[in-house]
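K.L.:
Protein chains: 2
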Amino acid sequence: MSWSLLIKNGTVIDGSGAARGKADVAIAGDRIAAVGDVARHIGPKTTRVSAKGMTLVPGFVDAHYHCESSRLTARRHAEVTLPQGLTVYFEGTHEITNAARGLPGVEYFVRAGRRLPQKIYPCVSSATPPSPVETTSGYIGYREAALAFERWPEEARGIDEVMDLPRVLDGSRRLHGVIQATLDDRRVVAGHGSPPLDVLDGWIAAGVMSSHSARIAEALTMLRKGVHLQLKTERSREMIRQFLELPLRDWRNVGLAVDDRTAADLLDRGGMDYEVRSAIEFGVPPITAYQMATINNAAHWQVAHRHGVLAPGRCADVLVVSDFDNVVVDRVFANGRLVAANGRLTAPLDAGAVDPALRNTVRLSRPLRTSDFEILAPPNRTEVQAYVLPPRYFSRDLGPITKTLPVSGGRVQRDLRRGITKFAVIERYGKGMSIGCSFWELGFDVGAIAWTVHHDHHNLAVFGATDEDMAIAANRCAAIEGGYVIVQDGKVLAELPLPVCGLMSDDDPARVADAIRLLDRVATGMHPAPSLADHPTDRITFMNLTCDPWKYSLTDQGLFNLETQQRMPAVF
Amino acid sequence: MSWSLLIKNGTVIDGSGAARGKADVAIAGDRIAAVGDVARHIGPKTTRVSAKGMTLVPGFVDAHYHCESSRLTARRHAEVTLPQGLTVYFEGTHEITNAARGLPGVEYFVRAGRRLPQKIYPCVSSATPPSPVETTSGYIGYREAALAFERWPEEARGIDEVMDLPRVLDGSRRLHGVIQATLDDRRVVAGHGSPPLDVLDGWIAAGVMSSHSARIAEALTMLRKGVHLQLKTERSREMIRQFLELPLRDWRNVGLAVDDRTAADLLDRGGMDYEVRSAIEFGVPPITAYQMATINNAAHWQVAHRHGVLAPGRCADVLVVSDFDNVVVDRVFANGRLVAANGRLTAPLDAGAVDPALRNTVRLSRPLRTSDFEILAPPNRTEVQAYVLPPRYFSRDLGPITKTLPVSGGRVQRDLRRGITKFAVIERYGKGMSIGCSFWELGFDVGAIAWTVHHDHHNLAVFGATDEDMAIAANRCAAIEGGYVIVQDGKVLAELPLPVCGLMSDDDPARVADAIRLLDRVATGMHPAPSLADHPTDRITFMNLTCDPWKYSLTDQGLFNLETQQRMPAVF
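What follows is the structure, given as structure tokens:
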């Protein structure tokens, strides 16, 4: 026997936390065979590659990721992220499973991951549907989760982000069923969100093993309670600084995660390479920062014997880094083969054809009409009280959201001068096309935007300055099988078709990124609220969730107080 | 709902690596419900316990342990070790499975652990039989391991110490089958031993995830290669000092393990409490030392959501420590109940009756005779060359082991002045009573010792200064259903019956410990070789293994060169 590949003369940071040292890495097939002095099995068939002056590190492992947020299919996404060193990711499938009738969404990533050199571990969704107050195409409970674990035991290592805090605490049969199926099969329960401290213990006791946090006291409390933290560096600069002042003694439960990032942002900023670079820039010792992107995440997901260290038996995923502290990835080896050099793929990727069942997922039973967006006032009123969603993220402590709105012709009117526009969510999975409609303080005093990337139900959402533009935008968005459409005065100004589940494009990533940038540029010209100014078409996808810490949400079923799960009238 | 138990006013070291802090621990049933400020759910049924002035730490988790080495049944062993804080152990079952026909040995520990407050995770044996050159009562291959995982999915978390290095490297169907069954079911493969560096990579690539080491270079190499180290402090003092000089940045893969310890030693020195105390004494920061006995081991075995930190959802195993640095365990709570105080159990334990099938395991088809121990010389010789086992542990680098021995009456004789005694291993499981017999440089110039605790086949072993005493000792040992018997001039001087599998006693631990001490005292008076002077009756159990780094071994099948697996003549 001899090695198939030998990466020579590099300096190794193996991921174990040990200091760097000269070592060669020998690969047999798709596995690392030996690290160190590996001269003994070099043979005539051994390919030799020099890494002189370079540092060899394990391929990056993202502990919490949504490929769908790139707006790219798994193959197109890999084209962007493999050259950045992302060789393994734990895919939270609740986007695709809500759009693709449940488990077929998990299967999509299993199949893609088996063909790509990028290893994909699709986590079964804990949020399909995300809450009882919205309609989606899929349902995952105990039975479905158990079935997924039986069908894909190696890939489906656990469930993605448990986040419907009220349902955790109230003992929802579906959600606790999914958690139980995971624990019953000795798998990992990922969490999400920042429960208030007085219920954090209950949330963890329910089985949740990981979360995000960007607040030092909360993060430290979670670490104390054994929770694996998945940090997104851009929100964590201050917290990391405080960790370093403490100093945090034990980083094993601190990992990095990209979570959601569009193709445009991936190309502009980077992916996990950017997270590691940022962590180092914020002061994390470089070896620790690399561990946060490799072994810490692999160990959390119980795959440290496969990923996260340059050691025998692990998948042969090796990054050749030309500038260690600045995380410049020169070459990427995955499954024992060179897959990228200088930021570019060395050969095309093949993930198989996309299952036709994942297309044509925007199934409206009829075109939308302006009357779908009319909100009637009680009789004989010139103005009404309306619940108006505020333009804010992530807040449990909202003040009253009641505003006075004018009535004209018996219909409640927008107040665009105060930034109050009309917003609708339309069930798009062929389940009756229920429509919720209310007001939202989003800005945008002209035109309309329709889109199907709307966390986490991904129904068809649309807002606009006129009902006419709303109908045109929404119908166009349905016609292109989902994606984004921006309309003004009856004309389409920009659009991005996302025909795979209404979430992803199989088009060239650079073109998708260009379309995203154009959407943002056009949307910015429509005067969004200041909180949406940065990347408005990405922001709007996250602004109306039904999980903690959102207090209200408009779904296809109407407007809801999420704490009480009670429906609220749009106006009264 | 209100807590069942509240441990108040203590200082908590929760195991996460965080600094100590004031916190209360609230328990609901057998689980920890909350840690910190837990006033909110105190009710009339909440029992309150003060830990004022005390430190609360998680119950100890031993990552690699053999209850059998205590010579006590699981229940009797728990009587000794629960008051020392050992609330969880990963039991390497290859002792009992070799003696109890395979899986019934695993089942014994599953059943006991389900009834005791001490959690037992019996690892399926990778060493049943330990090698192809010995006879035992059990066989565990792929099928048997897979069956065990199916029957006891929660308890049988993996396999115990892979140590038959030649079989790992040669691709033994049985051993690789057991490893594969473990990996197929996403479980943990524990290793053992210190393969030479040139084959270490192959050993790890085969799936081995843990090992022991007491040599700094080797240990650091293993850590670099992602191996979890299970340190036994008494062999690791110097290595730990070197770790601290480095300094070792990342201790997560360094755990403590007691491995083997007799009831006498457990009572005299302590168990995991002693290991933690020693680690602190050697300079390990105390919080890290406690992590080495808790979370590091729990995480390695993928049960960090159950054990190893004082956090919600974990088993309610809490140690109340009165002297943190000296590891003085004042009280032990296990499964949410007080089980020990001041080193003593607070209530008797119940592990159910021992299955009668685990008794009467010494099944000789006839009594032993002096002629069984005769070694014939080739015709017409006054002296012969003999392979004489040296009295040494753990060495790959043995010189020649050939000695000249006298012949008398056609029979090869001992040379007691040079410490060369006669040694026999007798198959004792009713499988034909094959007998291997050769010479061993053990010292012991009088009497004979017979015993059935003989790693890892646990056949009946006997050595002695006369064939007559050997026969008497061996027959007596069979009559008491296994254990230890020391005979001199035809009289029994000391004995310890171990009627459960020939390995364990269900008697009072103090009495068993007294018997062990007496055996050692008597054996010491029989002039053992210097390397056996300390605890001779324990040492002899480990001196004749068939795994790496032993180079030769006498089994019931005869004398073997373990590297080549070739049989060797006793004399030539």
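In order, the protein sequence lines correspond to chains A and B.
Quick note: the first sequence, position 126, residue 126 per my numbering, numbers continuous.
Quick note, my numbering runs 572 ahead of the 1-based positions in the second sequence.
We put the CB at the ideal spot given by N, CA and C, even for glycine.
Nothing here was measured: the structure is a model prediction, and the numbers come from that model.
1) Relative to the ligand PLP, is the shortest distance from any of its heavy atoms to the C-beta of B/ILE751 smaller than 8 Å?
2) Taking 9 Å as the CB-CB limit, is A/LYS225 close to chain B?
3) Strictly under 9 Å for the Cβ-Cβ distance: is B/ASP773 near chain A by that measure?
4) Taking only beta-carbon positions, decide if B/ALA753 is within less than 9 Å of chain A.
5) Just the Cα atoms here: how many angstroms apart are A/LYS119 and A/GLU154?
6) Do A/ASP579 and A/GLN84 have their C-beta atoms within less than 9 Å of each other?
7) Could you please give the first and the last residue of the uninterrupted alpha helix (DSSP H) stretch that includes A/THR233?
8) Would you list, in chain order, the members of the region 762-787 of chain B that have their beta-carbon closer than 9 Å to a beta-carbon of chain A?
9) Which residues in chain B sit within 9 Å of A/VAL309, going by Cβ to Cβ distance?
10) Have a look at A/VAL38, A/ALA23, A/VAL35 and A/ALA289 and flag the residue whose alpha-carbon is nearest the alpha-carbon of A/LYS52.
11) Which residue or residues does DSSP assign as beta-bridge partners of B/ASP831?
12) Strictly below 7 Å CB to CB, what residues from chain B border A/GLN385?
13) Pull up the CB-CB distance for B/GLY677 and B/ALA671, whole angstroms please, since I reckon it's below 8 Å.
14) At 8 Å on the CB atoms, spell out the chain B contacts of A/VAL302, in chain order.
15) Should the region 172-189 of chain A be called in touch with the region 524-542 of chain A, which here means at least 3 C-beta pairs below 8 Å?
16) Flag this pair as yes or no: are the beta carbons of A/VAL384 and A/VAL412 separated by less than 9 Å?
17) Can you list, in chain order, the residues of its chain with a C-beta nearer than 8 Å to that of B/GLN1138? Leave out the 5 residues immediately preceding and following it.
18) What does B/VAL1072 reach in chain A if we use C-beta pairs closer than 9 Å?
19) In the DSSP assignment, what residue or residues form a beta bridge with A/SER50?
20) Does the region 779-795 of chain B come close enough to the region 602-613 of chain B to have 3 or more Cβ pairs within less than 8 Å?
21) With three or more beta-carbon pairs closer than 8 Å as the criterion, would you say the region 491-500 of chain A touches the region 368-387 of chain A?
22) Helix, strand or coil for B/ASN670? Go by DSSP, reduced to three states.
23) What distance in whole Å lies between the Cβ atoms of B/ALA1105 and B/THR1118, which are believed to be in contact at a cut-off of 8 Å?
24) Cα-Cα, which of A/SER434, A/PRO378 and A/ASP445 is closest to A/ARG366?
25) The beta strand (DSSP E) that contains B/GLY664, what's its start and end?
26) Please determine, among A/PHE439, A/ALA465 and A/MET239, the residue with the shortest C-alpha to C-alpha distance to A/ILE449.
27) Should A/LYS45 go down as buried or exposed, given a rule of 16 or more other Cβ atoms within 10 Å for buried?
28) With H, G and I counted as helix, E and B as strand and the rest as coil, what does DSSP make of A/ALA351?
29) Less than 8 Å between C-beta atoms, sequence neighbours within five positions excluded: which residues of the same chain meet that for A/SER531?
30) In the DSSP assignment, find the alpha helix (DSSP H) that holds B/TYR758 and state where it starts and stops.
31) To the nearest angstrom, how far is it from the Cα of A/ALA162 to the Cα of A/THR233?
32) Mind checking which residues open and close the beta strand (DSSP E) that includes A/SER553?
33) Do A/ALA299 and B/ARG821 come within 9 Å of each other at the CB atom, strictly closer than that value?
34) Go ahead and label A/SER371 buried or exposed: buried means 16 or more other beta carbons lie within 10 angstroms of its beta carbon, across all protein chains shown.
35) By Cβ distance below 7 Å, which residues in the same chain neighbour A/GLY436 in space, the five residues on each side in sequence not counted?
36) What's the C-alpha gap between B/GLY1004 and B/LEU658?
P.N.:
On the basis of the coordinates in this document:
1) Looking for the ligand PLP in the displayed structure turns up nothing, as the structure carries no ligands at all.
2) Chain B contact via Cβ: present.
3) yes
4) no
5) 11 Å
6) A query on residue 579 of chain A cannot be resolved here, the shown segment of chain A reaching from 1 to 572 and no further.
7) 233-245
8) LEU769, ASP770, LEU772, ASP773, GLY774, TRP775, ILE776, ALA777, ALA778, GLY779, VAL780 and MET781
9) What A/VAL309 touches in chain B: ARG796, LYS797 and GLY798.
10) A/ALA23
11) B/TYR637
12) The premise fails here: A/GLN385 is roughly 36 Å from chain B at the closest Cβ pair, so nothing lies under 7 Å.
13) Contact check for B/GLY677 and B/ALA671: beta-carbon distance about 7 Å, within the 8 Å limit, so the pair qualifies.
14) The question names Val, but residue 302 of chain A in the sequence shown is Gln. The contacting residues are ARG758 and GLN874.
15) With a cut-off of 8 Å, the region 524-542 of chain A and the region 172-189 of chain A do not count as touching, because too few Cβ pairs lie within range.
16) yes
17) Excluding residues within five positions, the ones whose Cβ falls inside 8 Å are PHE1132.
18) Within chain A, no residue comes near B/VAL1072; the closest Cβ sits about 30 Å away, beyond 9 Å.
19) Residue pairing for A/SER50: DSSP places it in a beta bridge opposite A/LYS8.
20) no
21) no
22) helix
23) The Cβ separation is near 25 Å, so there is no contact.
24) The closest CA to that of A/ARG366, considering only A/SER434, A/PRO378 and A/ASP445, is found on A/SER434.
25) 658-664
26) A/ALA465
27) Flag for A/LYS45 reads exposed.
28) coil
29) PRO391, ARG392, TYR393 and ARG539
30) Residue 758 of chain B is actually Arg in this sequence, not Tyr. No alpha helix (DSSP H) holds B/ARG758; DSSP gives it neither H nor E.
31) Note that residue 162 of chain A is Val in the sequence shown here, rather than Ala. Taking C-alpha positions only, A/VAL162 is separated from A/THR233 by approximately 21 Å.
32) 552-555
33) Their beta carbons are not under 9 Å apart, which means B/ARG821 does not touch A/ALA299 by this criterion.
34) Taking all protein chains in view, the Cβ of A/SER371 is surrounded by fewer than 16 other Cβ atoms within 10 Å, so the residue is classified as exposed.
35) ALA424, VAL425, LEU554, THR555, ASP556, GLN557, GLY558 and LEU559
36) Their Cα atoms are separated by approximately 41 Å.
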